[in-house]
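Residues in the sequence shown are numbered consecutively from 128, following my numbering.
Comments concern the structure below.
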Amino acid sequence: MNKQIRERKLDLQHKIFRTFEECHFQKSDISQESLFVLKMSEGSTVSLPLRAVCREFGIDEESNDGELIGLVDKALDFINVLRPGDDLPLEVLTGEASWKVDTNHQQIAYNRVTMQLVTWMSGSEELITDPEKLMQIAEDPATKRKINDAFDEVADKLGMGRENREEVINLVHQVADELAYIETLREKYRLVKMVNTKLQELRRIYAHEKGVLETVTQVIRLIDDAMKQFETSFDEIDANTGEIMSVLRNFTTQRQYIRSKRDDLFRRLRAWEPLFDRWVELTPERSPTTVQLVRDTYQFLAPRFMKVKQWLMITKVQDGVAAGQNFKDEKERMNALKGKMMQW
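This is the structure in structure tokens:
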């Protein structure tokens with residue numbers, strides 16, 4: 128990997144990324160396509176599909192700029208806006224997370240892993256994910272003694288020897304550190320369930336107002352599909368990390384798996400955040416604010432969870448635009464293309 132990528136800088140060299148003082152990359156709200164957004168001289172904003180920009184200006188995928196642009200598309204799953212010269216998020220460079228977990232979720236994950244060790248040692252391994260239950264069991268003095276015994280047992284099973292139990296403890300902490308992100312996202316997912324709970328209440332409130340009731344019912348149907356997808360993801364993670372000795376023996380592979388699931392869940396939940404803020408503040412009652420939020424939620428869910436995606440609108444640059452013309456500089460070329468681009 129080249130020096131620029133190691134240093135995390137989005138250090139793009141092509142003139143198109145240096146010509147405009149105000150420009151950035153972001154994802155389309157409609158198609159989730161990566162866009163190059165720039166402010167033209169007359170003050171208007173133009174959004175160009177990033178792939179079309181690369182094609183138009185002959186930016187090779189294997190060039191330095193091409194490699195960095197390949198990371199831009201991935202990076203925009205973790206941040207809203209990325210500008211030339213910004214740092215790229217760690218997820219696309221090292222696989223680490225660029226966001227932090229709190230001590231509470233770290234403790235939940237550690238308790239989960241140590242409880243797996245204790246139940247494994249007893250011959251009937253059990254996966255517990257309920258935070259309150261985990262805390263109750265973990266605080267029991269007898270459980271703490273069993274955890275210490277489990278570290279010795281694991282050291283033997285892994286062929287490390289009991290004199291190296293500190294290495295086992297360190298390995299357990301590394302597993303817990305990775306799973307702490309999953310526990311954080313598991314709690315974030317509860318906000319989706321909160322939205323569903325309030326929608327169920329609104330269905331009762333608007334039971335005799337057909338127009339609003341139909342929209343509420345449609346949103347409930349869509350959010351049910353969303354919840355099933357999230358719960359399937361969490362179930363898969365739990366199933367694949369449910370055998371603690373397998374996780375410890377194959378930690379490198381398991382870490383890669385956990386991180387890929389972490390990033391997928393983070394990306395999906397991040398898209399909900401503007402809605403979460405509004406639903407948390409909402410008191411379920413008849414009001415124009417309530418109706419508007421239900422409609423906005425439908426607009427958010429429909430293109431993501433409808434069986435037939437009627438909402439997808441993709442605007443692309445036509446390959447033949449301005450072909451064969453001579454331009455003084457990149458800015459002049461962009462002005463020629465402007466009429467064919469999506470205006471935001």
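Here a beta-carbon is modelled for each residue, glycine too, at the ideal position from N, C-alpha and C.
Note that the structure is predicted; figures quoted are calculated from it, not measured.
8 Å CB neighbourhood of residue i in its chain, flanking five on each side removed
i, result
"R394", "D204, F205"
"R313", "T256, F361"
"A450", "Low local confidence applies: a pLDDT of 41 at A450 is under 50, so the model's placement there is unreliable, with the coordinate-based value given in what follows. Taken in chain order, the list of residues that qualify is empty."
"I296", "F278"
"R145", "L139, P211"
Own chain partners of residue i with C-beta closer than 6 Å, once the 5 adjacent residues on each side are dropped
i, result
"G197", "none"
"A265", "N238"
"D390", "E218"
Integer-rounded CB distance, given that residue j should sit under 8 Å from residue i
i, j, result
"A334", "L340", "6 Å"
"A282", "V240", "About 15 Å separates the two Cβ atoms, so there is no contact after all."
"D192", "Q140", "6 Å"
"E305", "P411", "With a Cβ gap of about 38 Å, E305 and P411 do not count as contacting."
"Q381", "V374", "5 Å"
"I364", "W247", "At roughly 18 Å, the Cβ-Cβ gap does not stay under 8 Å, so I364 and W247 are not in contact."
As assigned by DSSP and simplified to three states, the class of residue i
i, result
"D156", "coil"
"K136", "strand"
"D267", "coil"
"N238", "helix"
"H300", "helix"
"T411", "Position check: residue 411 holds Pro in this sequence, whereas Thr was assumed. Three-state DSSP puts P411 in coil, outside helix and strand."
"I186", "coil"
"D204", "coil"
"A429", "helix"
"T359", "helix"
"T324", "helix"
"I333", "Residue identity differs from the one stated: residue 333 is Tyr in this sequence, not Ile. Coil."
"N377", "coil"
"F144", "helix"
"W226", "coil"
"E341", "helix"
"G475", "Because the chain spans 128 through 471 in this model, residue 475 falls outside it and cannot be assessed."
"W406", "helix"
"M287", "coil"
"W399", "coil"
"L244", "helix"
"G543", "This structure does not reach residue 543, given that the chain is present from 128 up to 471, and the question cannot be answered."
"S168", "coil"
Chain B within 9 Å of residue i, Cβ atoms only
i, result
"E328", "Looking at the structure shown, chain B is missing, and only one protein chain is on hand."
Given residue i as reference, the closest of the options once Cα atoms are compared
i, options, result
"E148", "D362, S161, K166, K136", "K166"
"D214", "R382, D423, D138", "D138"
"E218", "R386, L392, S249", "R386"
"W406", "R413, L209, T417, L396", "T417"
"R135", "T380, E194, K337", "E194"
"P401", "Q263, N207, F144", "N207"
"V228", "G288, T380, F163, A307", "A307"
"D276", "E370, S249, L396", "S249"
"F432", "E188, S168, R348", "R348"
Residues sharing a beta bridge with residue i, DSSP
i, result
"F163", "F152, L175"
"T209", "It should be pointed out that residue 209 corresponds to Leu in this sequence rather than to Thr. Note: L209 sits in a beta bridge opposite F152."
"D214", "K136"
Beta-carbon proximity list for residue i, same chain, < 7 Å, skipping 5 on both sides
i, result
"T342", "V421, R422, Y425"
"Q345", "Y425"
"F427", "L402"
"G288", "A282"
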